[in-house]
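J.: Input: one structure, supplied below.
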Amino acid sequence: MATALASRLSWNSLTRGFAASAVSQMASEKPVNSKSFKIYRWNPDQPTEKPRMQEYKLDLSKTGPMVLDALIKIKNEVDSTLTFRRSCREGICGSCAMNIDGKNTLACITHIPKDQPTKELVIYPLPHMFVVKDLVPDMTYFYKQYASIKPWLQRKDTPESNKEILQSPEDRKKLDGL
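3 is the number of the first residue of the sequence shown in our numbering; add one for each residue after it.
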């Protein structure tokens, strides 16, 4: 009987040890800060398939703070077929323009909202443009319009030669502050 009691005591202390180590391990792990992303998907190579919304869940503690960071993480680690444009990551070029939670904005400068962790982030391509694939808009008409308005500096007189025209400090001062 003494040996049965001793083995029982050692079993209890052993199970308590496992439970304590499991609790300490759970306490040392950070809670998962997940966010759901609903992303518009359409593939022109599959004409019978209709456009759809696809949901992805990400742990925000393992991704950057911007929506573009989340899209890159989804493409690299979850679904390599996701298609979108990106370039400068600084809000200058406009390549990552898309509709995020109902606003036309740039994914590289849009923070992932953390104040409502249960609310999903909905991402569509730009609504006023045709879609090439997934989040990629057709830029053909944009570039035609851009070229038609000529949004660059233009001279009234044409130079005599094909040499580069250097800007003088006086001409530069005329442009400062515009």
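Glycine included, every Cβ here is placed at the ideal spot set by N, Cα and C.
This structure is a prediction, so every number in the text was calculated from the model and none was measured.
1) I'd like to check one pair, Asn-35 with Asp-61: are the Cβ atoms closer than 8 Å?
2) Whole angstroms are fine: how far does the CA of Val-134 sit from the CA of Ile-102?
3) Can you grab the Cα-Cα spacing for the pair Met-141 / Met-131, in whole Å?
4) Counting beta carbon pairs with one atom in the segment 146–160 and one in the segment 73–80, are three or more of them shorter than 8 Å?
5) Among Glu-172, Ser-38 and Val-138, whose alpha-carbon lies nearest the alpha-carbon of Arg-87?
6) Skipping 5 residues on each side, what residues in its chain have a beta carbon closer than 7 Å to that of Val-80?
7) To the nearest angstrom, report how far apart Asn-106 and Ser-163 are at their CA atoms.
8) Using only alpha-carbon positions, find the residue among Gln-118, Thr-50, Gln-56 and Gly-96 that is nearest to Cys-110.
9) Pop quiz: Asp-136 and Leu-84 are said to be a contact at Cβ under 8 Å. What is the actual Cβ separation, rounded to whole angstroms?
10) Pull up the DSSP beta-bridge partners for Ala-99, would you.
11) Taking the C-alpha atoms as reference points, what is the distance between Asn-78 and Leu-155?
T.: A quick look at the data gives this:
1) To locate residue 61, count along the sequence shown from 1; it is residue 59. To locate residue 35, count along the sequence shown from 1; it is residue 33. A Cβ-Cβ contact shorter than 8 Å links Asp-61 with Asn-35.
2) Your numbering for residue 102 matches position 100 in the sequence shown. Your numbering for residue 134 matches position 132 in the sequence shown. In a straight line, the C-alpha of Ile-102 is about 18 Å away from that of Val-134.
3) Looking up residue 141 in the sequence shown gives position 139. Looking up residue 131 in the sequence shown gives position 129. If you draw a straight line from the Cα of Met-141 to the Cα of Met-131, it comes to about 8 Å.
4) Between the segment 73–80 and the segment 146–160, the count of Cβ pairs shorter than 8 Å is below three; the stretches do not touch.
5) Here residue 87 is taken as the residue at index 85 of the sequence shown, counted from 1. The shortest C-alpha separation from Arg-87 is found at Val-138.
6) The residue given as residue 80 occupies position 78 in the sequence shown. If the five residues before and after Val-80 are omitted, its C-beta is found closer than 7 Å to the C-beta atoms of Tyr-58, all from its own chain and listed in chain order.
7) For the purposes of this step, residue 106 is taken as the residue at position 104 of the sequence shown. For the purposes of this step, residue 163 is taken as the residue at position 161 of the sequence shown. Distance between the alpha carbons of Asn-106 and Ser-163 is about 44 Å.
8) Within the sequence shown, residue 110 is the residue found at index 108, counting from 1. Minimum Cα-Cα distance from Cys-110 among the listed residues Gln-118, Thr-50, Gln-56 and Gly-96 corresponds to Gly-96.
9) Here residue 136 refers to the residue found at position 134 when the sequence shown is read from its first residue. Here residue 84 refers to the residue found at position 82 when the sequence shown is read from its first residue. Contact flag correct, Cβ pair sits at about 6 Å.
10) As a first step, residue 99 must be located in the sequence shown, where it is residue number 97. The partner list for Ala-99 (beta bridge, DSSP) reads Leu-108.
11) Sequence index remark: in the sequence shown, residue 78 carries index 76 (1-based). Sequence index remark: in the sequence shown, residue 155 carries index 153 (1-based). When only Cα atoms are considered, Asn-78 and Leu-155 end up about 41 Å apart.
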